[in-house]
Amino acid sequence: MYTASDLRKGLKIQIDGEPYIVVDFEFAKPGKGQALYRTKLRNMITGSQFSNTYRSNDKFEKPDLEERTMQYLYNQDDQYHFMDTANYDQLFLTKEQLGDNINYLIDNMEVEVLFFGARPIDISLPIFVNLLVTKADPWARGDTSGSDTKPVVVETGYQLQVPPFVEEGDKIQIDTRTGEYVTRVKE
Amino acid sequence: MLTVEGLHVRAALFRSIRRFFYEKGFLEVDTPVRAPLLLPERHISPVASDGWFLQPSPEQFMKRLLARGCRTIFQICPCFRAGERGSRHLTEFTMLEWYRVDSDYCDLMRDCEELVCYVLDDLAADDRFQSLLDRSCLRTVAVDPPWERLSVAQAFARHCPETVEQALATDRFDELLVEYVEPYLGRYGPAFLVDYPAVCASLARLKPNDESVAERFELYINGMELANGFSELTDGVRQRARFAEELAILEHQDGQQRKMPETFLRDLTAIDTAAGIAFGLDRFLMLLLSESCIDQAVSFGPDELG
Numbered sequence: 001m002y003t004a005s006d007l008r009k010g011l012k013i014q015i016d017g018e019p020y021i022v023v024d025f026e027f028a029k030p031g032k033g034q035a036l037y038r039t040k041l042r043n044m045i046t047g048s049q050f051s052n053t054y055r056s057n058d059k060f061e062k063p064d065l066e067e068r069t070m071q072y073l074y075n076q077d078d079q080y081h082f083m084d085t086a087n088y089d090q091l092f093l094t095k096e097q098l099g100d101n102i103n104y105l106i107d108n109m110e111v112e113v114l115f116f117g118a119r120p121i122d123i124s125l126p127i128f129v130n131l132l133v134t135k136a137d138p139w140a141r142g143d144t145s146g147s148d149t150k151p152v153v154v155e156t157g158y159q160l161q162v163p164p165f166v167e168e169g170d171k172i173q174i175d176t177r178t179g180e181y182v183t184r185v186k187e
Numbered sequence: 001m002l003t004v005e006g007l008h009v010r011a012a013l014f015r016s017i018r019r020f021f022y023e024k025g026f027l028e029v030d031t032p033v034r035a036p037l038l039l040p041e042r043h044i045s046p047v048a049s050d051g052w053f054l055q056p057s058p059e060q061f062m063k064r065l066l067a068r069g070c071r072t073i074f075q076i077c078p079c080f081r082a083g084e085r086g087s088r089h090l091t092e093f094t095m096l097e098w099y100r101v102d103s104d105y106c107d108l109m110r111d112c113e114e115l116v117c118y119v120l121d122d123l124a125a126d127d128r129f130q131s132l133l134d135r136s137c138l139r140t141v142a143v144d145p146p147w148e149r150l151s152v153a154q155a156f157a158r159h160c161p162e163t164v165e166q167a168l169a170t171d172r173f174d175e176l177l178v179e180y181v182e183p184y185l186g187r188y189g190p191a192f193l194v195d196y197p198a199v200c201a202s203l204a205r206l207k208p209n210d211e212s213v214a215e216r217f218e219l220y221i222n223g224m225e226l227a228n229g230f231s232e233l234t235d236g237v238r239q240r241a242r243f244a245e246e247l248a249i250l251e252h253q254d255g256q257q258r259k260m261p262e263t264f265l266r267d268l269t270a271i272d273t274a275a276g277i278a279f280g281l282d283r284f285l286m287l288l289l290s291e292s293c294i295d296q297a298v299s300f301g302p303d304e305l306g
């Protein structure tokens, strides 16, 4: 059990049987008044957010959350299949659950799958992933009139802006937190 | 953590405050920081110290000095409150308290006006602090007295979707005060929130002509609470009844029995009329330095001690 005084940014708590993460937190206490714990919470399953103020005697269950290392296998329609690297169990998450993460998933990639009880609810990717550029306009050397980036498409179908020297067939590193280009990778 | 320049401002602030009170004829006192017994208050958790407690406020001993015959006294001292930690709260913080006999909360409000103006003039006279004061948020509020005096009832009517009575009835007074009222207090100049509901009286006297409210006020600047002052309740019988209620609530909270502060109650009856105030100096320095976190107004924040 957590009490309100344990609340802080990043803490995961359970409310009405669902896991929430504290995304904003502020302690307040008017003179001679009671301690107030003002929080903004995000539902870890639905992503919806709400604000609430708690008091010292409020208590919260710890959500049963566990991360397991799994390998991404393939997708079929909106289902993305993963395999537990320890016991070869297979499961899938939906496109909706994965959100922007699908932009960076390639076959055999290892990710951490977050479970709430027996239920997979989210994945966390490596911060940096290397992806193959599958479509890029050629760079007109000496062209100084254009902008300093151009759009390319990578093997997952994700489109992003990169420096003009990046060509089709290159591997580039992408920051999965921002979705932005980091560097060209030599292999 | 304060920079070296910040430490100079803090020292100059303390020096100026002391000079202000010396010039007004106040006696500077220092009372014990540890005590075996505290005045019971439901919303204050003390820090234990070797079987005793660190003071959450020096009020009990300062009022006993009034009973001994002191007329106007002040003190700058560390205070401790368990579990209070946030951008405006430190478990250990620095308080200025002053007490005066034959006075009421209106006298304290005038003291506040004079003190803040005196200190700002003092700092402004020092070339070293010019650029800092120009940046200070105390420059954007008009500090010339008289400051606004807004009753709690008026403030709720003006800023909050519910009345004070509704807030109290649903036990949401503090919550609604923080959410709807406080952010708007002292925006354009320091403001006093006055006449608290009688149930929030603490150790304050009720208003003689309207016992539904207590002669208690809080000073706000820029939405931040800086000070809490009141006309002291010196009626021993009434104060004993209030303490009994607080003791019952505290015992209900943690199952521990506490003693009635008998010596304090005995001394209290030796005081005729008096008023006293607690003023948070770290928060005042936050305003001077335009800092949004109290850690930046002390020499070492709690995260920098290890």
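Residue numbers (full-length UniProt numbering), protein chains in the order written: chain A, 1 to 187; chain B, 1 to 306. Virtual Cβ for every residue (Gly too), placed ideally from N, Cα, C. Keep in mind that this is a model prediction, so the values were computed, not measured.
Report the neighbours of S202 of chain B on chain A: residues whose CB is nearer than 8 Å to its CB, in chain order.
By 1-based counting over the second sequence, the position of residue 202 of chain B is 202. Residues of chain A passing the Cβ test: K32.
Backbone CA spacing between T134 of chain A and R177 of chain A [nearest angstrom]:
Stepping through the first sequence from its first residue, residue 134 of chain A is reached at position 134. Stepping through the first sequence from its first residue, residue 177 of chain A is reached at position 177. The straight-line gap separating the alpha-carbon atoms of T134 of chain A and R177 of chain A is approximately 22 Å.
Please list, in chain order, the chain A residues whose beta carbon lies closer than 7 Å to that of S57 of chain B.
The residue you call residue 57 of chain B lines up with position 57 of the second sequence. By Cβ distance, chain A contributes nothing, its closest Cβ being about 11 Å from S57 of chain B, past 7 Å.
May I ask you to verify whether the region 7 to 19 of chain B touches the region 123 to 130 of chain B, counting CB pairs closer than 8 Å and requiring at least 3?
yes
For H252 of chain B, the first and last residue of its enclosing alpha helix (DSSP H)
Your numbering for residue 252 of chain B matches position 252 in the second sequence. Looking at the DSSP string, the run of the alpha helix (DSSP H) that includes H252 of chain B is G236 to D254.
Beta-carbon proximity check, F173 of chain B vs F192 of chain B, cutoff 8 Å
Numbered from its first residue, the second sequence carries residue 173 of chain B at position 173. Numbered from its first residue, the second sequence carries residue 192 of chain B at position 192. The Cβ-Cβ distance between F173 of chain B and F192 of chain B does not fall below 8 Å.
Contact set between L36 of chain A and chain B, taken where Cβ atoms lie within less than 8 Å:
Within the first sequence, residue 36 of chain A is the residue found at index 36, counting from 1. From the beta-carbon of L36 of chain A, the residues of chain B found nearer than 8 Å are D174, E175 and V178.
Is it the case that the Cβ atoms of M1 of chain B and F300 of chain B are separated by a distance below 8 Å?
Stepping through the second sequence from its first residue, residue 1 of chain B is reached at position 1. Stepping through the second sequence from its first residue, residue 300 of chain B is reached at position 300. Their beta carbons are under 8 Å apart, which means M1 of chain B touches F300 of chain B by this criterion.
Sheet register partners of L206 of chain B (DSSP bridge)
The residue labelled residue 206 of chain B in the question sits at position 206 within the second sequence. According to DSSP, L206 of chain B bridges with B:A214.
Contacts that K12 of chain A makes with chain B (C-beta to C-beta distance below 7 Å):
Indexing the first sequence from 1 puts residue 12 of chain A at position 12. Here the premise fails: no neighbours, minimum Cβ distance about 20 Å.
Please confirm if F27 of chain A has its CB atom under 8 Å from at least one CB of chain B.
Position 27 of the first sequence, counted from the first residue, corresponds to residue 27 of chain A. Output row for F27 of chain A: interface = yes.
Between S51 of chain A and the rest of its own chain, which residues show a CB-CB distance below 6 Å, the 5 nearest in sequence each way excluded?
In the first sequence, the residue the question calls residue 51 of chain A occupies position 51. Counting only Cβ-Cβ distances below 6 Å, and skipping sequence neighbours, we find K40.
Cross-chain neighbours of N228 of chain B in chain A, by beta carbon under 8 Å:
Here residue 228 of chain B refers to the residue found at position 228 when the second sequence is read from its first residue. Under the 8 Å cutoff, chain A gives G31 and K32.
Alpha carbon of R110 of chain B to alpha carbon of A274 of chain B, nearest angstrom
The sequence position of residue 110 of chain B within the second sequence is 110, counting from 1. The sequence position of residue 274 of chain B within the second sequence is 274, counting from 1. Answer to the nearest angstrom: the Cα atoms are 15 Å apart.
Can you find a C-beta in chain A that's less than 8 Å from the C-beta of S212 of chain B?
As a working mapping, residue 212 of chain B is identified with position 212 in the second sequence. Closer than 8 Å: no.
To test your reading of the DSSP string, which unbroken alpha helix (DSSP H) runs of 4 or more residues are found completely within the region 119 to 146 of chain B?
130 to 135
Considering only C-alpha positions, which residue in the set A:G31, A:Y158, A:V22 and A:F165 is nearest to T53 of chain A?
Here residue 53 of chain A corresponds to residue number 53 of the first sequence, with the count starting at 1. Closest by alpha carbon: A:V22.
Skipping 5 residues on each side, what residues in its chain have a beta carbon closer than 6 Å to that of Y103 of chain A?
Here the question's residue 103 of chain A lines up with position 103 in the first sequence. Note that residue 103 of chain A corresponds to Asn in the displayed sequence, not to Tyr. Excluding residues within five positions, the ones whose Cβ falls inside 6 Å are T156 and Y158.
Can you name the residues of chain A whose CB is closer than 8 Å to the CB of R85 of chain B?
As a position in the second sequence, residue 85 of chain B is number 85, starting the count at 1. Residues of chain A passing the Cβ test: F27.
N- and C-terminal bounds of the alpha helix (DSSP H) containing H8 of chain B:
Your numbering for residue 8 of chain B matches position 8 in the second sequence. V4 to E23 is the extent of the alpha helix (DSSP H) around H8 of chain B.
Grab me the residues of E211 of chain B's own chain with a C-beta within less than 7 Å of its C-beta, minus the 5 sequence neighbours each way, in chain order.
For this step, residue 211 of chain B is matched to residue 211 along the second sequence. Same-chain partners within the cutoff: A198.
Assumed close pair D104 of chain B, S231 of chain B - CB separation to whole angstroms, cut-off 8 Å:
The count along the second sequence starts at 1 and reaches residue 104 of chain B at position 104. The count along the second sequence starts at 1 and reaches residue 231 of chain B at position 231. Confirmed, about 4 Å.
Own chain residues within Cβ distance below 6 Å of Y20 of chain A, not counting five before or after:
Translated into the one-based positions of the first sequence, residue 20 of chain A becomes position 20. I13, L41 and N43.
Can you tell me the Cα-Cα spacing of P261 of chain B and E41 of chain B, whole angstroms?
Translated into positions along the second sequence, residue 261 of chain B becomes position 261. Translated into positions along the second sequence, residue 41 of chain B becomes position 41. In a straight line, the C-alpha of P261 of chain B is about 12 Å away from that of E41 of chain B.
For the 8 Å Cβ check, are there 3 or more pairs between the region 71 to 82 of chain B and the region 254 to 268 of chain B?
No, because fewer than three Cβ pairs between the region 71 to 82 of chain B and the region 254 to 268 of chain B fall closer than 8 Å, the two stretches do not touch.
Under 8 Å: do the region 280 to 295 of chain B and the region 130 to 144 of chain B share three or more Cβ pairs, one atom per stretch?
yes
Counterpart residues of R258 of chain B in DSSP-defined beta bridges:
Numbered from its first residue, the second sequence carries residue 258 of chain B at position 258. Paired residues: none, contrary to the question.
Y74 of chain A classed as buried or exposed, judged by whether at least 16 other C-beta atoms fall within 10 angstroms
Start at 1 with the first residue of the first sequence, and residue 74 of chain A comes out as number 74. Result: exposed.
Just the chain A side, please: which residues come within less than 7 Å of F225 of chain B by C-beta, in chain order?
Counting from one through the second sequence, the residue named residue 225 of chain B turns up at place 225. Correcting the residue type first, residue 225 of chain B is Glu in the shown sequence and not Phe. One finds P30 and G31 in chain A with Cβ atoms closer than 7 Å to the Cβ of E225 of chain B, taken in chain order.
Start and end of the alpha helix (DSSP H) containing M62 of chain B?
As a first step, residue 62 of chain B must be located in the second sequence, where it is residue number 62. Here the alpha helix (DSSP H) through M62 of chain B covers E59 to R68.
Output yes or no for whether 8 Å exceeds the beta carbon distance between P46 of chain B and L54 of chain B.
Here the question's residue 46 of chain B lines up with position 46 in the second sequence. Here the question's residue 54 of chain B lines up with position 54 in the second sequence. Between P46 of chain B and L54 of chain B, the gap from beta carbon to beta carbon is short of 8 Å.
Can you list the residues of chain A that H43 of chain B reaches, using a CB-CB cut of under 8 Å?
Stepping through the second sequence from its first residue, residue 43 of chain B is reached at position 43. The contacting residues are K29, K32, G33, Q34 and A35.
Checking the sheet assignment: what are the DSSP bridge partners for S124 of chain A?
Counting from one through the first sequence, the residue named residue 124 of chain A turns up at place 124. The partner list for S124 of chain A (beta bridge, DSSP) reads A:E112.
Taking E179 of chain B as part of the alpha helix (DSSP H), name the residues at either end of that continuous run.
In the second sequence, residue 179 of chain B corresponds to position 179, counting from 1. Careful: E179 of chain B lies outside any alpha helix (DSSP H) and carries neither H nor E.
Output, in sequence order along the chain, the residues in the region 47 to 61 of chain A whose CB is closer than 9 Å to any CB in chain B.
T53, R55, S56 and N57
Straight-line CA distance for residue 337 of chain B to Q34 of chain A?
Beyond the ends of chain B as shown, which are 1 and 306, falls residue 337 of chain B; an answer cannot be given.
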